[in-house]
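Chains as they are written, first to last, in my numbering: chain A, 269 to 692; chain B, 78 to 165. Glycine included, C-beta positions come from ideal geometry on N, C-alpha and C. Note that this is a predicted model, so its numbers are computed, not measured. What follows is a short report on a single structure.
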């Protein structure tokens, strides 16, 4: 269900007070502490021990994922390994291994796709099966619970005995995700119109997906202090006072089990960032690493068959904090050289010394070859050369051919792939 | 960090090839120093594509330490690339 102005007006006139009474048909599957669990699966002697997955073999690196054993002892995401070891001295730090996680992701997607063609992976460790569009449309709640248990069992049999996942079943994506978070690890819960209120009674506002500190403050400012208050809030309060517009209407519907999140967004940006490996890395070395990131982003953009119109760069400086710069160009571009040339230009005003650099391409669109350009021959040459390099790299391995400028930048390797899984 | 050792040691392997979800099962390998290690559990097997070559990575355990073994499906060679998680 998509929202437009007309829909908004209708909703303002007619409040949907009723909950969605339909049989819950959306299943959310979430791997528990995904990267740590996969490491424990791969390395049996780590099972039952507190494990933290980090991106670098250093004590000052941030923890990306902690196992349940580590979480139980107070280890949290974003802590440095050094801090975590004070809380949990026997914590085992393991360097992330993205190829392993990608394999598990693909296996999970394969298992989920056996039950419906309407599978949407939300990230590397979670996905949604929408049975409302499948042949199982008439299936009962019990049928879906059976499928949930079967998926859990297949995950253990086909990937490994340590693999666990949470399954949530709800009338819409929001309630299915909420259900998946109720009993971690290895839970299976259903939220339907009958138990919606009792389920919400056990939750805090920030337990709801999409409600973090700022939204909680907004809600508390009008006296909405619990999920039950939120559920019982009237449409006008949410749309005119709290969220001031369509988001309020969407929340009103979302909480009652009506689908408002079934949306696919086109890829708008592609980017990468890198935390520099040492203090005060000289400018020429920073530019080498930036060039490496540009090559990586260029591959992502071209891999989707797209071209970019703009480049944005950002950096975190030791002295001046966050800095960013961006530029939109009149003509689209796609080659690594074009991306780097623009990024290098933008980086001239960067506040050195830097601790983190990043680049993203935006204004992504499909190439429009029908548009005649004055320097068409030159562009055709660049296009052919870029395509040839991409083909060689695909056939013989990533970075078989790359710029000589990035010959010493192997430390900028791809780490844990958060966010969109569309580049897999 | 953990007590991992990164290696690139060619090893001799006894493995069986059958059918099902895991058609290749490594059982026992002999290291360059002559030490034989019996595999008690295969934790995870995942493929890693290096250009047109596919390397099958086996994370296994002997019960005393965890090992990473890599099978090159083109050259039909086994390498021990990682050792860690020792039980002391």
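Chain-ordered chain E contacts of residue i [CB-CB under 8 Å]
i, result
"residue 506 (chain A)", "The chain labelled as chain E is not found among the protein chains of the depicted structure, namely A and B."
Range covered by the beta strand (DSSP E) that runs through residue i
i, result
"residue 143 (chain B)", "143–149"
"residue 89 (chain B)", "89–94"
"residue 130 (chain B)", "130–138"
"residue 299 (chain A)", "294–299"
"residue 501 (chain A)", "Here residue 501 (chain A) belongs to no beta strand (DSSP E), and DSSP marks it neither H nor E."
"residue 540 (chain A)", "537–543"
"residue 160 (chain B)", "154–161"
"residue 583 (chain A)", "576–585"
"residue 104 (chain B)", "101–107"
"residue 510 (chain A)", "It is not in any beta strand (DSSP E) - residue 510 (chain A) carries neither H nor E in the DSSP assignment."
"residue 461 (chain A)", "Unbroken run through residue 461 (chain A): none, as it is neither H nor E."
"residue 121 (chain B)", "118–127"
"residue 115 (chain B)", "113–115"
Amino acids of chain A, ordered along the chain, whose beta-carbon sits closer than 7 Å to that of residue i
i, result
"residue 125 (chain B)", "367"
"residue 102 (chain B)", "Residues of chain A passing the Cβ test: none, with the nearest at roughly 14 Å."
"residue 149 (chain B)", "Within chain A, no residue comes near residue 149 (chain B); the closest Cβ sits about 13 Å away, beyond 7 Å."
"residue 128 (chain B)", "663, 664, 665, 668"
"residue 84 (chain B)", "What residue 84 (chain B) touches in chain A: nothing, since even the nearest Cβ is about 15 Å away."
"residue 157 (chain B)", "Per Cβ cutoff of 7 Å: no residues; residue 157 (chain B) is ~14 Å from chain A at best."
"residue 153 (chain B)", "Those within 7 Å of residue 153 (chain B) in chain A number zero; the least Cβ separation is about 19 Å."
Beta-carbon neighbours of residue i, restricted to chain A and to distances below 8 Å
i, result
"residue 138 (chain B)", "311, 312, 313"
"residue 118 (chain B)", "312"
Interface partners of residue i on chain B, CB under 9 Å
i, result
"residue 426 (chain A)", "98"
"residue 705 (chain A)", "Any property of residue 705 (chain A) remains undetermined from this structure, which presents chain A solely from 269 to 692."
Neighbouring residues, chain A, relative to residue i (Cβ below 9 Å)
i, result
"residue 105 (chain B)", "Chain A residues near residue 105 (chain B): none, gap ~17 Å exceeds 9 Å."
"residue 146 (chain B)", "Correct list: empty, because the minimum Cβ distance to chain A is about 12 Å."
Residue i: contacting residues in chain B (beta-carbon distance under 8 Å)
i, result
"residue 305 (chain A)", "Neighbours of residue 305 (chain A) on chain B: none; closest Cβ ~11 Å, over 8 Å."
Limits of the unbroken alpha helix (DSSP H) element including residue i
i, result
"residue 515 (chain A)", "514–523"
"residue 565 (chain A)", "551–571"
"residue 485 (chain A)", "481–489"
"residue 465 (chain A)", "464–469"
May I have a chain-ordered list of the alpha helix (DSSP H) segments no shorter than 4 residues that lie completely inside the region 310–361 of chain A?
Correct list: 336–339, 349–355.
Any chance you could list the alpha helix (DSSP H) runs of at least 4 consecutive residues sitting entirely within the region 590–638 of chain A, in chain order?
Whole alpha helix (DSSP H) segments, 4+ residues: 604–614.
Does the contact criterion of 3 or more C-beta pairs under 8 Å hold for the region 469–481 of chain A versus the region 407–421 of chain A?
Because the criterion of three Cβ pairs below 8 Å is not met, the region 469–481 of chain A and the region 407–421 of chain A do not touch.
Tell me, please, whether the region 473–486 of chain A touches the region 495–509 of chain A by the rule of three or more beta-carbon pairs shorter than 8 Å.
The region 473–486 of chain A is in contact with the region 495–509 of chain A.
Flag this pair as touching only if the region 649–665 of chain A and the region 614–629 of chain A have three or more C-beta atom pairs under 8 Å; answer yes or no.
Output reads no: the region 614–629 of chain A does not touch the region 649–665 of chain A.
Runs of alpha helix (DSSP H) lying entirely within the region 361–442 of chain A, each at least 4 residues, in chain order:
Annotation note: the region 361–442 of chain A contains the following uninterrupted alpha helix (DSSP H) runs of length 4 or greater, listed N- to C-terminal: 366–381, 409–426.
Just checking, does the region 149–156 of chain B make contact with the region 120–134 of chain B on the three C-beta pairs under 8 Å criterion?
The region 149–156 of chain B, when compared against the region 120–134 of chain B, does touch it at the 8 Å Cβ threshold.
Say whether the region 107–117 of chain B touches the region 80–89 of chain B, bearing in mind that this needs 3 or more beta-carbon pairs closer than 8 Å, one atom from each stretch.
Counting Cβ pairs under 8 Å, three or more are found: they touch.
Which of the residues in the region 662–679 of chain A, read from start to end, lie with their CB under 7 Å from any CB of chain B?
If the cut-off is 7 Å between Cβ atoms, the region 662–679 of chain A has 663, 664, 665, 668 near chain B.
Flag this pair as touching only if the region 421–436 of chain A and the region 321–330 of chain A have three or more C-beta atom pairs under 8 Å; answer yes or no.
Counting Cβ pairs under 8 Å, fewer than three are found: no touch.
If contact is defined by three or more beta carbon pairs under 8 Å, each pair taking one atom from either stretch, is the region 304–319 of chain A in contact with the region 329–340 of chain A?
A contact between stretches requires three or more CB pairs, one per stretch, nearer than 8 Å, and the region 329–340 of chain A meets this requirement with the region 304–319 of chain A.
Chain-ordered residues of the region 355–380 of chain A with a beta carbon less than 7 Å from chain B:
Within the region 355–380 of chain A, the qualifying residues are 360, 361, 362, 367, 368, 371.
When you compare the region 554–567 of chain A with the region 588–598 of chain A, are there three or more beta-carbon pairs, one atom per stretch, that lie closer than 8 Å?
Too few Cβ pairs lie closer than 8 Å, so no.
Is it the case that the region 575–586 of chain A contacts the region 525–532 of chain A, given that we only count it when at least three CB pairs across the two stretches are under 8 Å?
Taking 8 Å as the limit for Cβ pairs, the verdict is that the region 575–586 of chain A does not touch the region 525–532 of chain A.
For the region 374–393 of chain A against the region 345–364 of chain A, are there 3 or more C-beta pairs whose distance is under 8 Å?
Between the region 374–393 of chain A and the region 345–364 of chain A, the count of C-beta pairs closer than 8 Å stays below three; the two stretches do not touch.
Cβ contact check for the region 535–542 of chain A and the region 505–521 of chain A: 3 or more pairs under 8 Å
No contact exists between the region 535–542 of chain A and the region 505–521 of chain A.
With contact counted as at least three CB pairs below 8 Å, one residue from each stretch, are the region 312–319 of chain A and the region 355–362 of chain A in contact?
Yes, they touch.
Could you tell me whether the region 389–398 of chain A touches the region 339–347 of chain A, using the rule of 3 or more Cβ pairs below 8 Å?
Because the criterion of three Cβ pairs below 8 Å is not met, the region 389–398 of chain A and the region 339–347 of chain A do not touch.
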